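J.: Got a structure for you, written out below as structure tokens; questions coming shortly.
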Amino acid sequence: MSRVYGDDDETVLHAEIKSDNSIVIVSDEIPAFGVLSPLAFGSSTVAQHFYLPGVDATWGKSHHTSRT
């Protein structure tokens, strides 16, 4: 686990927890940077990122097949 605190030594700017090949990243709400909680945003504030082997080939294939 790792974490980075703000200047106030309380606000969590970035924290990571790794389990096997998965990483969960969390932070506190930071309105000055547009990072809002679900209550302030009025909806879910979840983002998903996927790490892929051969990402360039995967992107090229998906981009090519999505054209009409």
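Per the numbering used here: the sequence shown = residues 330 to 397.
For every residue, glycine included, the Cβ atom is placed at its ideal position computed from N, Cα and C.
What you are looking at is a predicted structure, and each value in this text was computed from that prediction instead of being measured.
Is the beta carbon of residue 376 closer than 8 Å to that of residue 358?
T.: In this structure, residue 376 does not lie closer than 8 Å to residue 358 by Cβ.
J.: Going by DSSP, what residue range makes up the alpha helix (DSSP H) through residue 369?
T.: Segment 367 to 370, the alpha helix (DSSP H) holding residue 369.
J.: Candidates 330, 365, 389 and 374: which alpha carbon is nearest residue 349's?
T.: Comparing Cα-Cα distances from residue 349 to each of 330, 365, 389 and 374, the minimum goes to 330.
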